[in-house]
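Asker: Starting off with a structure, shown below.
Numbering (the numbering used here), first residue to last: 29 to 248.
Pasting the structure below:
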């Protein structure tokens, strides 16, 4: 599926991030990056659907464009230096919960699941759920296999929490979070191994109890 040419393309793009270079290597991008990444995402969608039937999206609904939105960025380089996707019920238009965010560049593979960029009311619902079911979440994230794969839950935090959560937050610091992500990184060289899809699926299976917990207060 992937070859070392994928890694090589992004290594070169990192040093030549301009439209002239990209256009001169467009065929390499199509052959070595775009097509294998689409095939990889298609395979993952198929495998994940067996565990999460509501995931029925197409690869195009999951995969982000390589072109950057530079309108509000200080960095005006036109291309991302990785391919990325969200495989979930609504694809790249939603949180990977349940689902996965995947990013593959020249150096690393990023795999993440959870919630971010929540609306105010959504965050309130998640916090209430977390405050009332803290022990349940701790059992999930302290499971040895989950903890070994993902470590501590990542995400943006605030310094001041609403008064109603202060007592619970003394025992559950995740209440200070505004996003909740199980995240891990792998060396980019893993993508060329024959069991790469199986590796990612193993991580996905580990995220399912975590995703179920987070999505419960948002269902309905």
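Ideal Cβ positions, reconstructed from N, Cα and C, are used throughout, including at glycine. Please read these numbers as outputs of a predicted model, since none were measured by experiment.
Along the alpha helix (DSSP H) that carries residue 41, what are the first and last residues, could you check?
Answerer: Per DSSP, residue 41 belongs to the alpha helix (DSSP H) from 32-43.
Asker: Could you tell me how far apart the beta carbons of residue 140 and residue 196 are, in whole angstroms, since I believe they sit closer than 8 Å?
Answerer: Between residue 196 and residue 140 the Cβ distance is about 25 Å, and since that is not below 8 Å, they are no contact.
Asker: Mapping DSSP to helix, strand and coil, what is residue 170?
Answerer: Residue 170 falls in the coil class under three-state DSSP.
Asker: Take residue 200 and list the residues in its own chain whose beta-carbon comes closer than 6 Å to its own, dropping the five residues that flank it on each side.
Answerer: Same-chain partners within the cutoff: 162.
Asker: Could you check where the beta strand (DSSP E) with residue 213 kicks off and where it finishes?
Answerer: Here the beta strand (DSSP E) through residue 213 covers 208-215.
Asker: I'd like to know whether the C-beta atoms of residue 183 and residue 206 end up nearer to each other than 8 Å.
Answerer: It is a contact, given that the beta carbons lie within the stated cut-off.
Asker: Is DSSP giving residue 158 helix, strand or coil here?
Answerer: Residue 158 falls in the helix class under three-state DSSP.
Asker: Could you please give the first and the last residue of the uninterrupted alpha helix (DSSP H) stretch that includes residue 195?
Answerer: Where residue 195 is concerned, the enclosing alpha helix (DSSP H) stretches over 194-197.
Asker: Do you know how far the Cα of residue 60 is from the Cα of residue 155?
Answerer: Cα-Cα distance, rounded: 43 Å.
Asker: Quick one: using the 10 Å Cβ neighbour count with 16 as the cut-off for buried, is residue 238 buried or exposed?
Answerer: Residue 238 is buried by the Cβ-count criterion.
Asker: Taking the straight line between their C-alpha atoms, what separation do you get for residue 77 and residue 41?
Answerer: So the alpha carbons of these two residues sit roughly 33 Å apart.
Asker: Where do the ends of the beta strand (DSSP E) carrying residue 129 lie?
Answerer: 127-133 is the extent of the beta strand (DSSP E) around residue 129.
Asker: Within 10 angstroms of the Cβ of residue 123, are there 16 or more other Cβ atoms? Answer buried if so, exposed if not.
Answerer: By the neighbour-count rule (16 or more Cβ atoms within 10 Å), residue 123 is buried.
Asker: What does the alpha-carbon distance come out to for the pair residue 157 and residue 231?
Answerer: Taking the straight line from one Cα to the other gives about 24 Å.
Asker: Per DSSP, which residues does residue 53 bridge with? Please list them.
Answerer: The partner list for residue 53 (beta bridge, DSSP) is empty, contrary to what the question assumes.
Asker: With DSSP collapsed to three states, give me the class of residue 246.
Answerer: Residue state, collapsed to three classes: helix.
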